[in-house]
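K.L.:
Protein chains in written order, with full-length UniProt numbering: chain A, 1 to 397; chain B, 1 to 397; chain C, 1 to 397; chain D, 1 to 397.
The structure under discussion is supplied below as structure tokens; questions concerning it will follow.
There are 4 protein chains.
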Amino acid sequence: MNARAPLRVAMIGYGFMGAAHSVGWRQAPRMFSLPRDIEMAVVVGRSPAAVADAAAQWGWAEHATDWRSVIARDDIDIVDIVTPGDSHAEIAIAALEAGKHVLCEKPLANTVAEAEEMLAAAERAAARGIVSMVGFTYRRVPAVTHLRDLIAAGEIGAVQQVRAAYRQDWLVDPQAPLAWRLQKEHAGSGALGDIGAHIIDMAQFVTGQTVDAVAGVVETIVARRPLQDGGSGLSATAGDGYGDVTVDDLAIFTGRLAGGALVSFEATRFATGRKNALTIEVSGDRGSLLFDLEDLNSLQFYDRTAPVDRQGFTKILVTDPSHPYVSAWWPSGHMLGYEHGFSHQVVDFVNSVADGSRPHSSFAEGLAVQRVLAAVEASAERDSAWVRVGAMATASA
Amino acid sequence: MNARAPLRVAMIGYGFMGAAHSVGWRQAPRMFSLPRDIEMAVVVGRSPAAVADAAAQWGWAEHATDWRSVIARDDIDIVDIVTPGDSHAEIAIAALEAGKHVLCEKPLANTVAEAEEMLAAAERAAARGIVSMVGFTYRRVPAVTHLRDLIAAGEIGAVQQVRAAYRQDWLVDPQAPLAWRLQKEHAGSGALGDIGAHIIDMAQFVTGQTVDAVAGVVETIVARRPLQDGGSGLSATAGDGYGDVTVDDLAIFTGRLAGGALVSFEATRFATGRKNALTIEVSGDRGSLLFDLEDLNSLQFYDRTAPVDRQGFTKILVTDPSHPYVSAWWPSGHMLGYEHGFSHQVVDFVNSVADGSRPHSSFAEGLAVQRVLAAVEASAERDSAWVRVGAMATASA
Amino acid sequence: MNARAPLRVAMIGYGFMGAAHSVGWRQAPRMFSLPRDIEMAVVVGRSPAAVADAAAQWGWAEHATDWRSVIARDDIDIVDIVTPGDSHAEIAIAALEAGKHVLCEKPLANTVAEAEEMLAAAERAAARGIVSMVGFTYRRVPAVTHLRDLIAAGEIGAVQQVRAAYRQDWLVDPQAPLAWRLQKEHAGSGALGDIGAHIIDMAQFVTGQTVDAVAGVVETIVARRPLQDGGSGLSATAGDGYGDVTVDDLAIFTGRLAGGALVSFEATRFATGRKNALTIEVSGDRGSLLFDLEDLNSLQFYDRTAPVDRQGFTKILVTDPSHPYVSAWWPSGHMLGYEHGFSHQVVDFVNSVADGSRPHSSFAEGLAVQRVLAAVEASAERDSAWVRVGAMATASA
Amino acid sequence: MNARAPLRVAMIGYGFMGAAHSVGWRQAPRMFSLPRDIEMAVVVGRSPAAVADAAAQWGWAEHATDWRSVIARDDIDIVDIVTPGDSHAEIAIAALEAGKHVLCEKPLANTVAEAEEMLAAAERAAARGIVSMVGFTYRRVPAVTHLRDLIAAGEIGAVQQVRAAYRQDWLVDPQAPLAWRLQKEHAGSGALGDIGAHIIDMAQFVTGQTVDAVAGVVETIVARRPLQDGGSGLSATAGDGYGDVTVDDLAIFTGRLAGGALVSFEATRFATGRKNALTIEVSGDRGSLLFDLEDLNSLQFYDRTAPVDRQGFTKILVTDPSHPYVSAWWPSGHMLGYEHGFSHQVVDFVNSVADGSRPHSSFAEGLAVQRVLAAVEASAERDSAWVRVGAMATASA
């Protein structure tokens, strides 16, 4: 591979995440100074017509239906996986073994065992200079990065407790259909794995500590829903046009960080009126920090060491070009949106490919999240008793 | 007792709560039209000098040091108890048996057994027309009352989940002394009983449902603190001037409402920067409602039945004189503060005394909170396993 | 007058402001340590029945209908004037000449000439140790006092611009009746004098600078309104049951501070949805400060001298007992409301009476506001041309 | 021109606005279904090296230094002008006469006379099916479009007053250099024309009414600033390395809408702490609406016709895919940022080119803003007296 040649990308999958990743690949080279050019080479999907449409719409040069043959091509440098979680392991391992750099959408996998295999493959590949990353893009919202840096710099002192929640409401309607995301065999879990994974990762990322044990409950609020499109492929349990929801709608759990602090977690699709409300508040003995995804250009910082008559939550607008991610965009006060994180992810990924460094949001970190998710489910099955995350490692790991 | 004569009040205790209750007794008759006049007759405390000062400062006509003799007086109609929780049962039962109407500060008692005895006494007294009430004053913040009314009117439909927290930060300083509130023998519990009790009561009050089971954890973050004033009366465990904190700093627990919905609870004195942050959000299948004590003149209402392009959280300023509590105060947009709830409590209490009705915030409701608190502690001791609240009833009850 | 004897107060008038002042007289001695006791001696009003009710409701020992005879009494130390503005001058001057300390509700008067006479009387009285004060109570909201102190301490550097508004909406309803407040002969002016006066005073108070010139416009949005109660005493212009509104509904004007900075002012009763929205933002070369009466327990502070990645508006909750006004009330995070300013006003007034000092919010400051109001009206009549405030002094002054 | 062929775009200029427009041209065809393909054909700039860099960075196929020869090319369909205002007229008129569709960044021109000539050219071109548009992109923020639609639908009734401000703080630092934007000969005006233009346009756009008269003041707060880069090309007035600021820093003015309502306007670069704070609040007799650019994904709506105990400002998150602009992006609750308006502008522009319709944000509307700006300056020169906007039309117009 010529270090000067463009990096050619194949994206496997083309749903909502495909659109978002495409923006990242398209925008990052145009807004940032990247060490390598990018070519959006090929998008892969099962339906020939749909993938052709996706290629035309999003600007991929080619389209294909067989991901194995694409991975086998010599002219592909990067494989970007945006398929549902149950196919991540197979594709990612094959791509890594083929010497491709891999960006894999979260969750890393649907099971701990798969994630362990993926990590092993990533470690073998890393020894050959191959880069891998899992797509926890919220880490790359400038305000989140800044929050992490402030904690690392000691601005809030020792972390004493954390409060994290991700709340949505798209399932409040009892007539919302039984989509594949509500079937355990396809989605692995519900609110827990889909959005709970984000707050587990964020808690670990910003504090720099692992969640070592958890106790909690998962809950399905609406147990049966109308089948979609006749229900083909879904587990209809009766002839009434309804099927069973087999994943959770809501997960409430408590975690213990390595440093000893407790974390309260809540992931829900039933918080009426909350659309995409990820919030995290980290309380330390010198201050605290708060982030809210619905106000994603800012964070709030409380400095306990300030004079008492000046203490308060400072709303820091993280749109100043002094921030590395922000510098490529607009002047101070001009807001960034949801998809900017996907550009920042591409920037970090490509920089690592170019300089051989290992980016954060690694497969190891993806596996760590997977183990926490498994521990929450184990606790829920054990009447909410505490479960150590380390106990989730499989025998083979 | 002549229905036309003024009601004469004796207040037992004179700490922070004594000041707040005094405002209630002083202001309510001046701002509202009460069916009976009020006389602030006597304040009772152990220290003769201090209680004399309190009487002079707050406007009680007399002061005394022996609560038993005060309760025995014929000219006292109402006994208002603002002492620490460990003396509530003895005073309240004696007062009720002496035929006095009793207003007792929360928590009702330090143990379930005491609370059960108090309820039994209150029930016996009620048969003779005697009124009793426990001081959950936050119920009487106009925005909270309005929120409860909106739920009762079906505005948010069936409750599907609740999120409640009460967060303060006054113990973040590790040099904060080992006050009696941090000693189990005096305070019963820590954040759990002091502020957790408020959110348990509020969740039950606004939903109209009991918390039937809980699972959770309690935590002491700073385990040893400097003794206060040489530590007299406190359990110093060594000669180093420090003693053990024997109550919790933080409690995180999940509750199950009678109707099936889960409630996440957090009570903490370690949420750096949060001074008095009681929040509750109730999510239903038709809408949701949110209250925040740091913004106590308003509530937020989300109406899922509105047209989709007009849905959002409406910040309702509950300062309109159309609200019964507000009507006695100021024009719309003029803010009420913390202590107004104490006036409203007096209004409701006196109205009940006058018309023989039974006010909400009853001893039965106080006992229900006490049992939930006990169940949380039991769950914490059982590795966070679920505990049924009903199991907390003592054998005698 | 015996310095040890209680101060006996007579309040002239008993409307909305009478209720608020009564709370101040009742609460201040009970919550603060005052150098002198207070007796709420007598309330005065024209209607014998109504003033008797007011006395009974609010706790004044006596009631009377002739203010002149009350002022003549030897046993009255303080006269508190809460009548409409057109009677302020006559009562205040008489009271001052009778040697009474005078607290006069704002606006000081309806005309500059009257205000000048009042100031002259106050100055003559001050030479004899008599205290006078005009009731700009918003100065005594703790957050406002703190904001003023931060500016005085140089925290925001030199003031470069100010933005002030007071917005209400109680006249949006075109069927709101033609109350006396909407008739120039009784009220002097409309939004300008009623609420514009507050923001003029606050701008001058917090910056420590006078408004030296103004340019602006006043506007009546709904010109005719239904007569109230048959319209007795009001200027019905036709037999249709409607009469002319003769005061402004809205005033927009710009001021020039003595130090050179421009101030934008808006006072309106037509800001739909805004109930009592007084806001002021002061921008300096080192920072800025913001106050919002609908969030009255806090202020916001922006410190330009902080590191750029930590700059932002800090919401300072001014409920910490380290603040002099707050210390008498509740622990940190417990909110104060609208009427607390009236207690603080009593505290400052009584302290001045006791120690002979001259309190801020003087008649001179009240006159200064009056002249700005007159200058705004003059500018409005001159096609919004700039008018110097000094030019508003009458020939006799 | 073949209706099926791609539309080929030439962009003249490549500063901050060039970057933003490039995002629009790049993203719109990938996120929306456009009736015609887009080719980013050529970018034009004076410096050969810099424009080559811009082409490579932003993805323009070619670069050139002579805009006249580019306009003369047959293979160019659209000319997008992002140069400083003093060159807009010459380029736009030439492009229109050459039969190119023209998108011109705001302000339309630096003078009314130029803007009038541009409008005349646009009208002649329109007769031949040529589309023109001025770049008031904030109109195309989804929340702003929705706000306008709600007003048009009568949701707030008759507009009675408006409050609009655009506040920044990038000139608070007195050592900020004397850039060309601070020199009248290059920039035309300061805060007034740069950001005041936006709020004038927005007030007219959302109310559907013209500003017919204005009165106000403009102000230069820091009069002299250090020369940049030795001051070449700038009007240094002395040898001290400093030069005169010849534009305004702050403009405060009041406007009168055609329907009679008053509008308060403030445009400032000295609002310490405010980075890009465009706010507009429109008050009507049935409700009000508020938009804040620092919270650009939402608007606030107050409905006076709701039951009194449910009235309040509803924060409507305009991220629901039911909104036409939003539908192309992400699920509900996923935030859009500053540059999305540039994509929406391209969508509307290209749709008009394809179907021959005339888009809003026309040159006529650009001229209307220009006349208001001129009227404000005229009023400021006339001691803030009112000036009719119609009087700003030049003799030739």
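Beta carbons are placed, not taken as given, at the ideal position from N, Cα and C, and that holds for glycine.
Chain C partners of threonine 319 (chain B), CB-CB under 7 Å?
P.N.:
Chain C residues near threonine 319 (chain B): Lys275.
K.L.:
Does glutamine 183 (chain C) come out as helix, strand or coil in the three-state DSSP assignment?
P.N.:
Three-state DSSP puts glutamine 183 (chain C) in coil, outside helix and strand.
K.L.:
Can you find a CB in chain D that lies within less than 7 Å of the CB of threonine 305 (chain B)?
P.N.:
Threonine 305 (chain B) does not count as touching chain D.
K.L.:
Can glycine 341 (chain B) and threonine 319 (chain B) be called in contact, C-beta distance under 7 Å?
P.N.:
No; because the gap between Cβ atoms is not below 7 Å, this pair is not in contact.
K.L.:
Could you tell me whether any Cβ in chain A is nearer than 7 Å to the Cβ of valine 172 (chain B)?
P.N.:
Chain A, which has a Cβ nearer than 7 Å to the Cβ of valine 172 (chain B), makes this yes.
K.L.:
With distances taken from CA atoms, which of A:Ala41, A:Ile195, A:Pro29 is nearest glutamine 370 (chain A)?
P.N.:
The shortest Cα separation from glutamine 370 (chain A) among A:Ala41, A:Ile195, A:Pro29 belongs to A:Ile195.
K.L.:
By the three-class DSSP mapping on this structure, what secondary structure does isoleucine 91 (chain D) have?
P.N.:
Here isoleucine 91 (chain D) sits in helix by DSSP.
K.L.:
By the DSSP assignment, the beta strand (DSSP E) with glutamate 266 (chain D) in it spans what residues?
P.N.:
Where glutamate 266 (chain D) is concerned, the enclosing beta strand (DSSP E) stretches over 262-268.
K.L.:
At a cut of 8 Å, does the region 350-367 of chain B reach the region 177-194 of chain B through at least three beta carbon pairs?
P.N.:
The region 350-367 of chain B vs the region 177-194 of chain B: no contact.
K.L.:
Comparing the C-beta of glycine 312 (chain D) with each C-beta of chain A, is any distance below 7 Å?
P.N.:
By this cut-off, glycine 312 (chain D) is not an interface position.
K.L.:
Taking C-alpha atoms, which residue in D:Thr207, D:Glu105, D:Leu373, D:Leu336 lies nearest to glutamate 155 (chain D)?
P.N.:
Comparing Cα positions, the closest option is D:Thr207.
K.L.:
Are the region 15-27 of chain D and the region 23-32 of chain A touching by the rule of at least three beta carbon pairs closer than 8 Å?
P.N.:
Result yes; three or more Cβ-Cβ pairs closer than 8 Å.
K.L.:
Could you tell me which of A:Gly99, A:Met392, A:Ala143 sits nearest to glutamine 300 (chain A), measuring between CA atoms?
P.N.:
That would be A:Ala143, whose Cα lies nearest to the Cα of glutamine 300 (chain A).
K.L.:
Rounded to the nearest angstrom, how far is the Cβ of threonine 272 (chain B) from that of serine 283 (chain A), given a contact under 8 Å?
P.N.:
With a Cβ gap of about 4 Å, threonine 272 (chain B) and serine 283 (chain A) count as contacting.
K.L.:
Using a beta-carbon distance cut-off of less than 8 Å, what residues from the region 196-212 of chain A approach chain B?
P.N.:
Listed in sequence order: no entries.
K.L.:
Does methionine 392 (chain D) pass the burial test, meaning 16 or more other C-beta atoms within 10 Å, or should it be called exposed?
P.N.:
With 16 or more other Cβ atoms within 10 Å, it is buried.
K.L.:
Residues of the region 319-333 of chain B with a CB closer than 9 Å to any CB of chain F: list them in chain order, please.
P.N.:
Of the chains in the structure shown, none is chain F; the protein chains are A, B, C and D.
K.L.:
Name the chain C residues whose beta carbon is nearer than 8 Å to that of aspartate 383 (chain D)?
P.N.:
By Cβ distance, chain C contributes Ala215, Ala385, Trp386.
K.L.:
Let's test the definition: count the other Cβ atoms within 10 Å of the Cβ of valine 308 (chain D) and tell me whether it reaches 16, buried, or not, exposed.
P.N.:
Exposed, by the Cβ-count rule.
K.L.:
Quick one: measure Cβ to Cβ for phenylalanine 243 (chain C) and leucine 227 (chain C), integer angstroms, because I've assumed they're closer than 8 Å.
P.N.:
Position check: residue 243 (chain C) holds glycine in this sequence, whereas phenylalanine was assumed. With a Cβ gap of about 5 Å, glycine 243 (chain C) and leucine 227 (chain C) count as contacting.
K.L.:
By alpha-carbon positions, which one of C:Ser384, C:Asp383, C:Leu367 ends up nearest to threonine 394 (chain C)?
P.N.:
Looking at the Cα atoms, C:Leu367 is the closest of the given residues.
K.L.:
Taking any Cβ of chain A, which residues in the region 334-354 of chain D have a Cβ under 9 Å from it, in chain order?
P.N.:
For the region 334-354 of chain D, which is checked against every Cβ of chain A, the residues closer than 9 Å are His334, Met335, Leu336, Gly337, Tyr338, Glu339, His340.
K.L.:
Strictly under 7 Å for the Cβ-Cβ distance: is arginine 181 (chain B) near chain C by that measure?
P.N.:
Cβ-Cβ to chain C under 7 Å: no for arginine 181 (chain B).
K.L.:
Pick out whichever of D:Ala50, D:Ala328, D:Ala164 has its Cα sitting closest to the Cα of glycine 255 (chain D).
P.N.:
For the residues D:Ala50, D:Ala328, D:Ala164, the minimum Cα distance to glycine 255 (chain D) belongs to D:Ala164.
K.L.:
Taking C-beta pairs closer than 8 Å, name the residues in chain C that residue 465 (chain B) reaches, listed in chain order.
P.N.:
This structure leaves residue 465 (chain B) out entirely; chain B is present only between 1 and 397.
K.L.:
Which stretch, first to last residue, makes up the alpha helix (DSSP H) that contains valine 70 (chain D)?
P.N.:
Run containing valine 70 (chain D): 67-72, per the alpha helix (DSSP H) assignment.
K.L.:
Could you please give the first and the last residue of the uninterrupted alpha helix (DSSP H) stretch that includes aspartate 244 (chain B)?
P.N.:
No alpha helix (DSSP H) contains aspartate 244 (chain B), which is instead part of the beta strand (DSSP E) from 242-244.
K.L.:
Keeping to the same chain, check which residues put their C-beta closer than 7 Å to that of phenylalanine 270 (chain A); ignore five residues upstream and five downstream.
P.N.:
Same-chain partners within the cutoff: Asp169, Leu171, Val172, Ile221, Asp249, Leu250.
K.L.:
For a test of the three-state rule: what should DSSP assign to proline 102 (chain D), helix, strand or coil?
P.N.:
Residue 102 (chain D) is actually valine in this sequence, not proline. DSSP places valine 102 (chain D) in strand when its eight states are reduced to three.
K.L.:
Can you give me the C-alpha to C-alpha distance between serine 384 (chain A) and alanine 56 (chain D), rounded to a whole angstrom?
P.N.:
Cα-Cα distance, rounded: 57 Å.
K.L.:
Is the region 74-84 of chain C in contact with the region 43-61 of chain B, if contact means three or more CB pairs nearer than 8 Å?
P.N.:
The region 74-84 of chain C vs the region 43-61 of chain B: no contact.
K.L.:
List the residues of chain B whose Cβ lies closer than 8 Å to the Cβ of alanine 271 (chain A), in chain order.
P.N.:
Under the 8 Å cutoff, chain B gives Gln161, Arg163, Glu281, Ser283, Ser288.
K.L.:
Do we get a CB-CB distance below 7 Å when we pair leucine 299 (chain C) with the residues of chain D?
P.N.:
No, no contact with chain D.
K.L.:
Does the CB of leucine 147 (chain D) have a neighbour CB from chain A at under 7 Å?
P.N.:
Leucine 147 (chain D) does not count as touching chain A.
K.L.:
May I ask which residues mark the beginning and end of the alpha helix (DSSP H) holding glutamine 57 (chain C)?
P.N.:
Start and end: 48-58.
K.L.:
Using a cut-off of 8 Å between C-beta atoms, extract the partners of leucine 262 (chain A) located in chain B.
P.N.:
Those are Val217, Glu219, Leu250, Ile252, listed as they occur along chain B.
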